[in-house]
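>
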Amino acid sequence: MTIRESTEANVKSGSLAARFVDGPHVSVPDEAERRLRDWLTDLAPGQAAAIDDLLARFPRARIILLGIAEASPYLFDLVRADGARAVRVLECEPERYLAQLIEKTRSEVLAVASEADVMQKLRRLKSEAALLIALCDIGGVWPVMRVTAALTDLAITSVQSALRFLLQQEAARGRMTPPNPDRPEDGSGLIVLAMGKMGAGELNFSSDIDLIVFFDSEASTLASDIEPQPFFVRVTQGLSRILQQRSGDGYVFRVDLRLRPDPASTPVAISTASALHYYEREGRTWERAAMIKARPCAGDLRAGEALIAELAPFVWRKHLDFAALADVHDMKRQMQTYRGQSEIAVEGHNVKIGRGGIREIEFFAQTQQLIAGGRHPQLRVRPTLEALNLLASSNWITFAARDELTAAYEFLRRVEHRLQMMADEQTHALPDEGEAVERFARFFGYESRAAFASDLLGHLNVVQGHYAKLFEGDPAGTAKLPEVDYTSGPDDPRLTEHLAALGFKNPIMVAQTVQQWLDGDYRVFRSESTRSAFAEFVPALIAGLANAEEPDNAVTVFDRFLQALQRGGRLFVLLSQNRDLVALVALILGAAPRLGDMLARQPQIMDGLIDPRFFGAMPDRRELSTRLAATLEDAHSYEEFLDRLRLFGRESLFLIGTRILSGTVSAQQASIAFADVAEGIVHTVHGLVTEQFAAQYGRIKGQQTAILAMGRLGSREMTAASDLDLILLYEFEAEHPDSDGAKSLHGAQYFARFTQRLISAFTTRTNYGVLYEVDMRLRPSGRAGPVASHVDSFAEYQEREAWTWEHMALTRARVISASPDFRRRIEEIIRKVLTRPRDAGGVASDVADMRRAVALEKGEDDIWDLKYAAGGMVDIDFIAQYLQLVHAADKPDILDVSTLHVLDNAARLGVLPQASAEILRSAARLYHDLTQILRLCVSERFNPETSGEDLLRIMARAGDAPDFSSLEARVKETQAEVRRVFRMLIGSGS
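With the working numbering applied, the sequence shown corresponds to residues 56 to 1045, in that order.
(1) Starting from the Cα of D125, find the closest Cα among Q621, M477, E538 and give me that residue.
(2) In chain order, what residues of the same chain have a beta carbon less than 6 Å from the beta carbon of E527, not counting five sequence neighbours either side?
(3) Is it buried or exposed for G926, if we count other Cβ within 10 angstroms and need 16 for buried?
(4) Hey, is the region 156-163 in contact with the region 228-247, meaning 3+ C-beta pairs nearer than 8 Å?
(5) Going straight from the alpha carbon of S994 to that of F286, what length do you get?
(6) Are three or more beta carbon pairs between the region 274-281 and the region 220-230 nearer than 8 Å?
(7) So, do the region 100-117 and the region 460-478 have three or more beta carbon pairs nearer to each other than 8 Å?
(8) Per DSSP, which one or two residues make a beta bridge with T760?
(9) By a C-beta neighbour count over all protein chains shown, 10 Å radius and 16 as the cutoff for buried, is E772 buried or exposed?
(10) Excluding the 5 residues flanking S295 on each side, which residues of the same chain have their C-beta closer than 8 Å to its C-beta?
(11) Under 8 Å between the Cβ atoms of I762 and L716?
(12) Since E1032 and A979 are thought to touch, with beta carbons under 8 Å apart, how far apart are those beta carbons, to the nearest angstrom?
(13) What ranges does the alpha helix (DSSP H) occupy inside the region 181-232, keeping only unbroken runs of at least 4 residues that lie completely in it?
(14) Who are H801's beta bridge partners in DSSP?
(15) Tell me where the alpha helix (DSSP H) around F1019 begins and ends.
(16) Short of 6 Å in beta carbon distance, which residues of its chain neighbour K946, apart from the five on each side in sequence? Order them along the chain.
(17) Sort out for me which residues DSSP pairs F269 with in a bridge.
(18) Does the region 914-924 touch the region 942-959, meaning 3 or more C-beta pairs lie closer than 8 Å?
(19) Could you have a look at G528 and say whether DSSP puts it in helix, strand or coil?
(20) List the endpoints of the continuous alpha helix (DSSP H) containing L114.
(21) For P351, does the count of other Cβ atoms within 10 angstroms reach 16, so buried, or fall short, so exposed?
(22) Report all residues from its chain with a CB closer than 7 Å to the CB of W197; omit the five preceding and five following residues, and keep chain order.
(23) To the nearest angstrom, how far is the alpha carbon of I884 from that of T810?
(24) What residue range does the alpha helix (DSSP H) around P149 cover?
(25) Beta carbon of G251: closer than 7 Å to some heavy atom of the ligand SAH?
(26) Do you know how far the Cα of L683 is from the Cα of F696?
(27) Exposed or buried, which one is M1039 when buried takes at least 16 other CB atoms within 10 Å?
(28) Please report the straight-line C-alpha distance between P835 and A910, rounded to a whole angstrom.
(29) Between the Cα of F580 and those of R622, V593, K560, spot the shortest distance and give me the residue it belongs to.
(30) Pairs of beta-carbons, one from the region 589-602 and one from the region 564-578, closer than 8 Å: are there three or more?
(31) Please work out which residues of its chain come closer than 6 Å, Cβ to Cβ, to Q936, disregarding the five sequence neighbours upstream and downstream, and give them in chain order.
(32) Below 8 Å, can you find three or more Cβ-Cβ pairs linking the region 442-454 to the region 178-191?
(33) Put P548 into one of helix, strand or coil per three-state DSSP.
(34) May I have the straight-line CA-CA distance separating T422 from A73, to the nearest angstrom?
(35) Just curious, the beta strand (DSSP E) that P351 is in, first and last residue?
(36) From S971 to A961, what distance separates their C-alpha atoms?
Spelled out as structure tokens, the structure:
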């Protein structure tokens, strides 16, 4: 039968191409058509004819392929990689074909002899199944939960096949004696639990698979001389390697083993006895919730079911007692971030963990399962939608709530899938820019961003409404409590009972502290009016602090804040009128002493939190410039001007920092916001100093000055603690080198003194502190060179004298203050330097030597030194800079000041493997997320053992980890992966 005859036969029997009912809208049809034509031209004639025939018969199939060509590099790579596979998938009946594909691979894995063959078989299964499942999703052939079930089936088959192969290998070596050699896992005592979405049959398109591996130390099938723990740890490591190690065929699934007890200090496989002991003694609420979805997926399934039964008393409590409710409240505190009252922004919104997102729906269901599942076993189900249905049937929620949450869940899961299909990344966040959201909306099947945003916001707000009502009717029970006298102190049982009911674990300490506040012995209470305002505010303050993540600690840090506060009457009034902010202030005080000190010294910076715009989209450069101009417009002196600049800078730092802590802005958005603030201030100071300096010394004919941002300001990756790395460039008419002022200065002397004045404007300490520290060591010749450089000297130095490391730094150079013509001239110089041909080997050697020198100077052994650690941010930055220097001559589109953008460009241009790009991008985002937190909250080296629980909790949340131990394990694994990629691309140096 010919390919065409095969196609016709399959079409008649209900092929995939015939069943498409949905598809994307293509934004730039001509470009997408060109890509599709290029692919078809490269195919074998028979394959091209078969696909042309299918596309002619079924226009939706053509639209889907055009949408993929335009918006999904990952899927289009799968389509292009194997024309015969593309034909097979489009022709097949998807349900039957996927089942056959899985079964065929399962059989093939059992027949091969080497691990390399197993890896290849599983990777090819993943590629073909991923393409098939994606097309079923995009084309509307399968509903979203059928898609998640197919992805889960694929994962379970992969885990089972890989594990069976490993155990057969161990049996062949005589290390175990299974009763059934074809099923060596039976009776082995090795238990692999699928957690999270895999356990519930709800995997997303680019999901990690969360596994916990346990073993029975008394396993009867091990040889008598084999120690169980090292044996099962080795098998688990082999399982992880087979599934996630990158090869030319890609990977199967990324494996996350960090949901096990205390993952930072325990082996990857744990004995069942140790696990049961841990859960009984130390298990936390989030671990109870996680175990709701736990399912034995591989290994000794009978032993797995027995373990699940043994864990049931830990997960499911018999009574609806106050301890269980307290656990639920603790869980809510752990998961919640501060929510503003304004509309949710679409750009940058995280559909998983953001407001109104997937996690809130899951929490809505799991919370009520935890409360009621002990007494009502029918509620002990794994899938989220099944749980919602049973909760409605059992009258725990309304059927209307079930229907609304189900619709939102299915919609958000489809959004999540489409985001992940673009680059096979485990991302959940919409793009930050409106144009990118427009492109995504069209790939998702909407005609415009506006239409997509309308549906998205509708679902998010519905979810948020149900989530907010989860404990409707005053969850803390305050409405039922009697009036109490806060001045009565810890001896009043009514007061301590009231505080305990609010959720304080040490009500005696809290009562004593509040009594001290009301006695008025603090400096801030010297004014009678302030003391009276505070006394009225105390009930609302205590209720607000009770909503903090750690209420008792919140009281302690608020006490320290009151001791430092000099005047607070207006602050207390503001807080009493905006009570939702009390918990946020407690979070700031507990986790970020730097921000708390700012608030204590300058309570007026609190005003920004009350601005309705605060929780909306981050202000762009134009809006920041408008706000800065308004701040400065009536300054009457240079000193007042500098003071107001500093106040603007501090308030901006406080507001952005608060957004970071509260989880309402991403690290990338915060980085850009910090840079925009700095850029606006630099531009303003540049103009001010230029005018002031000219009034004193005059001007030189034809003079121009420009400020070149380097480092984190240049790349727009700033944190709250970033210095300004600057270079000042100038030019003037050489024939007229003297200034025309009363005090004339000559050429280079004029601009050197001008630069010193500029630096002084930033660094002079006034009543409002220092504006920024300025570092000019990246100028030509560093400290040995002049503080300001003539533009011609700069160009000549970069062309003839600069070292490789200086050109690496130049990849981040960005002109932030100059006339348009002078800006263009400098940008042309930089581009010319970066796009000149270079020897790849020589650059790699220089970069590796530079990395080694940095390690010798700064050290690289502290994993929490996220910048300098082996496999840390410097490794990623150096890779991005290396790729630009080596490839910009042939591929100038690789150039960008942002490390993340460079990695995107490098992958798109084919000079960085997609697998490596994904590792580096994911690592960079993790490091940025954590670095923003650390720069806000820690002034010295971060030490987890001496850090407060608030900070560790915020860091775990920022790293999307359930607790700090899991985060630590993730950081270690990430750094190892990054260092491996660094060595692969660059080497170890000379």
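Backbone N, C-alpha and C fix where the C-beta goes; we use that ideal spot for every residue, glycine too.
Note that this is a predicted model, so its numbers are computed, not measured.
Answer, in terms of the structure:
(1) The sequence position of residue 125 within the sequence shown is 70, counting from 1. Residue identity differs from the one stated: residue 125 is Glu in this sequence, not Asp. Among Q621, M477, E538, the Cα nearest to that of E125 is on M477.
(2) Your numbering for residue 527 matches position 472 in the sequence shown. In this prediction, E527 has a pLDDT of 44, which is less than 50 and means its spatial position is unreliable; what the coordinates show is noted afterwards. So the list is empty, once near-sequence residues are dropped.
(3) To locate residue 926, count along the sequence shown from 1; it is residue 871. G926 comes out buried.
(4) no
(5) The sequence position of residue 994 within the sequence shown is 939, counting from 1. The sequence position of residue 286 within the sequence shown is 231, counting from 1. Going from the Cα of S994 to the Cα of F286 covers about 44 Å.
(6) yes
(7) no
(8) For this step, residue 760 is matched to residue 705 along the sequence shown. For T760, which the question treats as bridged, DSSP gives the partners Y785.
(9) Mapped onto the sequence shown, residue 772 falls at position 717. E772 comes out buried.
(10) Here the question's residue 295 lines up with position 240 in the sequence shown. Excluding sequence neighbours, S295 sits near V310, L312, V323.
(11) In the sequence shown, the residue the question calls residue 762 occupies position 707. In the sequence shown, the residue the question calls residue 716 occupies position 661. Cβ atoms of I762 and L716: not closer than 8 Å.
(12) What you label residue 1032 is simply residue 977 of the sequence shown in a count that begins at 1. What you label residue 979 is simply residue 924 of the sequence shown in a count that begins at 1. Actually they are not in contact, since the Cβ atoms of E1032 and A979 sit about 12 Å apart, beyond 8 Å.
(13) 199-227
(14) On the sequence shown, residue 801 is found 746 positions in, with the first residue counted as 1. Bridge partners of H801: D793.
(15) Reading the sequence shown from its first residue, position 964 is the one you call residue 1019. Counting along the chain, the alpha helix (DSSP H) containing F1019 begins and ends at 1019-1040.
(16) For this step, residue 946 is matched to residue 891 along the sequence shown. Cβ within range, chain order: L964.
(17) The residue given as residue 269 occupies position 214 in the sequence shown. F269 is bridged to I246, I325.
(18) no
(19) On the sequence shown, position 473 is the one that residue 528 refers to. Annotation note: pLDDT 40 at G528 (below 50); position unreliable, coordinate value reported separately. Coil.
(20) Residue numbering aside, residue 114 sits at position 59 when the sequence shown is read from its first letter. The sequence shown places Pro at residue 114, rather than the Leu named in the question. Segment 114-126, the alpha helix (DSSP H) holding P114.
(21) For the purposes of this step, residue 351 is taken as the residue at position 296 of the sequence shown. When all chains shown are included, P351 counts as buried.
(22) Start at 1 with the first residue of the sequence shown, and residue 197 comes out as number 142. Closer than 7 Å at the Cβ level, and outside the excluded window around W197, lie C191.
(23) Counting from one through the sequence shown, the residue named residue 884 turns up at place 829. Counting from one through the sequence shown, the residue named residue 810 turns up at place 755. C-alpha separation (whole angstroms): 22 Å.
(24) Stepping through the sequence shown from its first residue, residue 149 is reached at position 94. 149-166 is the span of the alpha helix (DSSP H), which, as asked, contains P149.
(25) You won't find the ligand SAH in this model; it holds no ligand whatsoever.
(26) Residue mapping note: residue 696 aligns to position 641 of the sequence shown, counting from 1. Residue mapping note: residue 683 aligns to position 628 of the sequence shown, counting from 1. Distance between the alpha carbons of F696 and L683 is about 11 Å.
(27) By 1-based counting over the sequence shown, the position of residue 1039 is 984. The residue is exposed, with fewer than 16 neighbouring Cβ atoms inside 10 Å.
(28) Mapped onto the sequence shown, residue 835 falls at position 780. Mapped onto the sequence shown, residue 910 falls at position 855. In a straight line, the C-alpha of P835 is about 24 Å away from that of A910.
(29) In the sequence shown, counting from the first residue as 1, residue 580 sits at position 525. The shortest C-alpha separation from F580 is found at R622.
(30) yes
(31) For the purposes of this step, residue 936 is taken as residue 881 along the sequence shown, with counting starting at 1. If we look at Q936 and ignore the five residues flanking it on each side, its Cβ neighbours are M863, T866.
(32) no
(33) Translated into positions along the sequence shown, residue 548 becomes position 493. Here P548 sits in helix by DSSP.
(34) Position 367 of the sequence shown, counting from 1, holds the residue named residue 422. Position 18 of the sequence shown, counting from 1, holds the residue named residue 73. Between T422 and A73, the C-alpha separation is close to 43 Å.
(35) For this step, residue 351 is matched to residue 296 along the sequence shown. Note, P351: beta strand (DSSP E), 350-354.
(36) Start at 1 with the first residue of the sequence shown, and residue 971 comes out as number 916. Start at 1 with the first residue of the sequence shown, and residue 961 comes out as number 906. Roughly 10 Å separates the two Cα atoms.
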